[in-house]
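There are 2 protein chains.
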Amino acid sequence: MKTSGKNIQASKNNLTGPAVAVDILLFSIIEKRLKVLLLKITQGPYKDQWALPGGLVWIDETLDGAAERVLQEKAGIKRLYLEQLYTFGGLKRDVRGRSVSVAYFALVDSDKFIPKTTEYYSDIRWHEAEDLPVMAFDHKEIVRYGLERLQNKIGYSNIAYGLLPREFTLSDLQGVYEIIIGEKLDKRNFRKKLKMTDIVATTERVRLGHKNRPAGLYRFKKRGLVFTK
Amino acid sequence: MKTSGKNIQASKNNLTGPAVAVDILLFSIIEKRLKVLLLKITQGPYKDQWALPGGLVWIDETLDGAAERVLQEKAGIKRLYLEQLYTFGGLKRDVRGRSVSVAYFALVDSDKFIPKTTEYYSDIRWHEAEDLPVMAFDHKEIVRYGLERLQNKIGYSNIAYGLLPREFTLSDLQGVYEIIIGEKLDKRNFRKKLKMTDIVATTERVRLGHKNRPAGLYRFKKRGLVFTK
DNA sequence: GCAAAAGTGTTAGTTGTACACCCATGT
DNA sequence: ACATGGGTGTACAACTAACACTTTTGC
Numbered sequence: 001m002k003t004s005g006k007n008i009q010a011s012k013n014n015l016t017g018p019a020v021a022v023d024i025l026l027f028s029i030i031e032k033r034l035k036v037l038l039l040k041i042t043q044g045p046y047k048d049q050w051a052l053p054g055g056l057v058w059i060d061e062t063l064d065g066a067a068e069r070v071l072q073e074k075a076g077i078k079r080l081y082l083e084q085l086y087t088f089g090g091l092k093r094d095v096r097g098r099s100v101s102v103a104y105f106a107l108v109d110s111d112k113f114i115p116k117t118t119e120y121y122s123d124i125r126w127h128e129a130e131d132l133p134v135m136a137f138d139h140k141e142i143v144r145y146g147l148e149r150l151q152n153k154i155g156y157s158n159i160a161y162g163l164l165p166r167e168f169t170l171s172d173l174q175g176v177y178e179i180i181i182g183e184k185l186d187k188r189n190f191r192k193k194l195k196m197t198d199i200v201a202t203t204e205r206v207r208l209g210h211k212n213r214p215a216g217l218y219r220f221k222k223r224g225l226v227f228t229k
Numbered sequence: 230m231k232t233s234g235k236n237i238q239a240s241k242n243n244l245t246g247p248a249v250a251v252d253i254l255l256f257s258i259i260e261k262r263l264k265v266l267l268l269k270i271t272q273g274p275y276k277d278q279w280a281l282p283g284g285l286v287w288i289d290e291t292l293d294g295a296a297e298r299v300l301q302e303k304a305g306i307k308r309l310y311l312e313q314l315y316t317f318g319g320l321k322r323d324v325r326g327r328s329v330s331v332a333y334f335a336l337v338d339s340d341k342f343i344p345k346t347t348e349y350y351s352d353i354r355w356h357e358a359e360d361l362p363v364m365a366f367d368h369k370e371i372v373r374y375g376l377e378r379l380q381n382k383i384g385y386s387n388i389a390y391g392l393l394p395r396e397f398t399l400s401d402l403q404g405v406y407e408i409i410i411g412e413k414l415d416k417r418n419f420r421k422k423l424k425m426t427d428i429v430a431t432t433e434r435v436r437l438g439h440k441n442r443p444a445g446l447y448r449f450k451k452r453g454l455v456f457t458k
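Chains as they are written, first to last, in my numbering: chain C, 1 to 229; chain Z, 230 to 458.
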């Protein structure tokens with residue numbers, strides 16, 4: 001921000017500043033594990049390492065807009081939970097040149113899409129969030145930071161809606177909580193507390209076709225972030 | 230992040246991307262009110278409006294480094310509580326050209342410095358955080374966002390240490406909480422809870438020279454962020 | 001009828017909240 | 001001696017945590 005003579009002076013050292021990128025940390029729950037979507041890089045100094053989907057921010061798009069576009073281009077997906085996470089600006093984060101990356105944090109119900117390899121990547125895959133491969137840039141740090149945010153935020157918001165389909169059972173929901181915070185919860189206490197937060201409502205339907213008693217189906221009252229504390 | 234052919238393609242639209250700036254939201258408590266440090270702009274389209282201290286990020290400094298430098302240059306202050314707040318990237322945030330601003334959030338004990346007008350600004354002043362003047366850019370939004378962060382964070386951390394001198398009375402500390410959250414607290418409950426969090430320790434000293442019973446002096450066990458929940 | 005997950009309350013411990021009086025100093 | 005803020009405890013309400021059995025379906 002050139003707010004003064006001093007700033008204009010600063011910009012003289014800075015004819016072209018750092019490049020601005022977004023990187024997307026997309027979480028999903030697959031086979032009862034928390035997963036992160038990663039791409040395998042095909043060329044350059046990070047060849048054969050895994051990276052978050054990302055890209056440079058255009059001059060005529062907002063940061064949120066860039067995040068949505070990248071998600072659409074690289075994962076073919078839109079209209080999901082997306083929030084800004086943190087901005088990473090270490091000098092060594094990309095050996096090819098100075099860049100600043102605005103990391104975003106996204107959640108998707110895995111039923112909604114299956115990642116597909118495109119011509120641009122040798123591979124695109126869900127990886128265990130708690131057991132990451134060798135990763136390019138500072139992307140491991142971004143994942144750790146985002147995981148922490150997710151673990152905190154599930155405790156005081158309805159953010160889990162991003163990981164579930166429209167209708168789900170209370171056991172499904174409890175499973176999401178257990179997977180994210182990494183510990184088992186008591187069924188009765190979970191339901192009691194959930195009732196207090198008032199974030200879900202029953203549909204009058206049940207889920208049949210399992211080899212046990214049918215489970216009532218619920219939905220989130222708001223599919224949008226709501227704080228519960 | 231140029232992680233692929235697709236990204237390189239994106240950069241073609243983007244020979245020079247958005248400029249990267251930092252803006253610093255510096256809070257202090259002065260005369261029992263929460264204040265924000267603002268500068269008055271002397272020239273350009275935002276002449277005579279108030280702005281947060283800010284500046285462009287150099288190619289060879291980190292974001293945190295830029296924040297520290299700006300704080301040093303514009304307010305003559307260093308070694309205080311500083312954390313990244315959020316990154317603002319709206320298209321219209323600066324009418325002079327596209328920029329992305331990484332906002333930082335800082336706290337200072339007002340005893341530590343008195344703002345001085347320099348040749349670069351027509352004025353530099355503490356303003357009421359809850360009653361802001363006309364402000365340039367999207368800086369009002371940044372203040373609102375930071376205020377919210379402060380109000381939340383004081384509830385689950387020792388962040389108040391940034392606003393107090395090394396030694397303080399428990400009434401001083403309670404005053405900081407009351408000013409930030411905007412409501413009176415019960416003295417006995419405040420102290421009971423504080424004891425539980427274990428963030429302060431008594432010095433064996435007292436504060437004399439007031440027209441009442443001497444107050445015990447305390448200090449924060451860690452002058453660095455600690456979470457209490 | 002058996003296996004599997006669904007559904008449902010009570011008790012004890014912990015934490016939060018409301019509330020009032022005496023104390024040590026400065027003037 | 002009086003004005004000022006410093007310092008302390010108790011009782012009730014609210015919340016959290018631990019715990020077990022019956023129900024309904026698929027096979």
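Even glycine gets a Cβ: it sits at the ideal position worked out from N, Cα and C.
Length of the line joining the Cα atoms of residue i and residue j
i: residue 102 (chain C); j: residue 122 (chain C); result: 25 Å
i: residue 410 (chain Z); j: residue 381 (chain Z); result: 9 Å
i: residue 344 (chain Z); j: residue 47 (chain C); result: 51 Å
i: residue 256 (chain Z); j: residue 284 (chain Z); result: 18 Å
i: residue 286 (chain Z); j: residue 251 (chain Z); result: 7 Å
i: residue 130 (chain C); j: residue 450 (chain Z); result: 33 Å
i: residue 127 (chain C); j: residue 157 (chain C); result: 25 Å
i: residue 176 (chain C); j: residue 342 (chain Z); result: 49 Å
i: residue 455 (chain Z); j: residue 383 (chain Z); result: 11 Å
i: residue 193 (chain C); j: residue 76 (chain C); result: 36 Å
i: residue 42 (chain C); j: residue 309 (chain Z); result: 43 Å
i: residue 291 (chain Z); j: residue 245 (chain Z); result: 19 Å
i: residue 248 (chain Z); j: residue 361 (chain Z); result: 27 Å
i: residue 162 (chain C); j: residue 426 (chain Z); result: 34 Å
i: residue 369 (chain Z); j: residue 377 (chain Z); result: 13 Å
i: residue 320 (chain Z); j: residue 440 (chain Z); result: 56 Å
i: residue 195 (chain C); j: residue 229 (chain C); result: 13 Å
i: residue 108 (chain C); j: residue 137 (chain C); result: 24 Å
i: residue 99 (chain C); j: residue 326 (chain Z); result: 19 Å
i: residue 231 (chain C); j: residue 150 (chain C); result: As shown, chain C starts at 1 and ends at 229. That puts residue 231 (chain C) outside it, with no answer to give.
Residue i at chain Z interface by Cβ criterion, 7 Å
i: residue 87 (chain C); result: yes
i: residue 149 (chain C); result: no
i: residue 59 (chain C); result: yes
i: residue 226 (chain C); result: no
i: residue 98 (chain C); result: yes
i: residue 91 (chain C); result: yes
i: residue 102 (chain C); result: yes
i: residue 63 (chain C); result: yes
i: residue 220 (chain C); result: no
Closer than 7 Å to chain C by CB, residue i
i: residue 426 (chain Z); result: no
i: residue 247 (chain Z); result: yes
i: residue 431 (chain Z); result: no
Cross-strand partners of residue i (DSSP beta bridge)
i: residue 355 (chain Z); result: Z:266
i: residue 22 (chain C); result: C:55, C:102
i: residue 30 (chain C); result: C:33
i: residue 336 (chain Z); result: Z:256, Z:310
Cβ-based neighbour list, residue i, same chain, cut-off 6 Å, excluding 5 preceding and 5 following
i: residue 83 (chain C); result: 105
i: residue 274 (chain Z); result: 324
i: residue 307 (chain Z); result: 301
i: residue 187 (chain C); result: none
i: residue 419 (chain Z); result: 403
i: residue 74 (chain C); result: 53
i: residue 388 (chain Z); result: 382
8 Å CB neighbourhood of residue i in its chain, flanking five on each side removed
i: residue 408 (chain Z); result: 258, 261, 262, 263
i: residue 218 (chain C); result: 167, 168, 169, 170, 173, 200, 201, 202, 203
Cut-off 7 Å between Cβ atoms - residues of its own chain near residue i, not counting five sequence neighbours on either side
i: residue 413 (chain Z); result: 407
i: residue 135 (chain C); result: 49, 50, 51
i: residue 253 (chain Z); result: 281, 282, 283, 296, 299, 300, 333, 335
i: residue 315 (chain Z); result: 332, 374
i: residue 207 (chain C); result: 169, 214, 215, 217
i: residue 452 (chain Z); result: 390
i: residue 340 (chain Z); result: 394
Inset, instruction - Tell me the start and end of each unbroken beta strand (DSSP E) in the stretch 278-334 of chain Z that is at least 3 residues and wholly inside, in chain order. - result: 283-285, 310-317
Legend entry - Segments assigned alpha helix (DSSP H), at least 4 residues, entirely inside the stretch 160-229 of chain C: 170-181, 187-197
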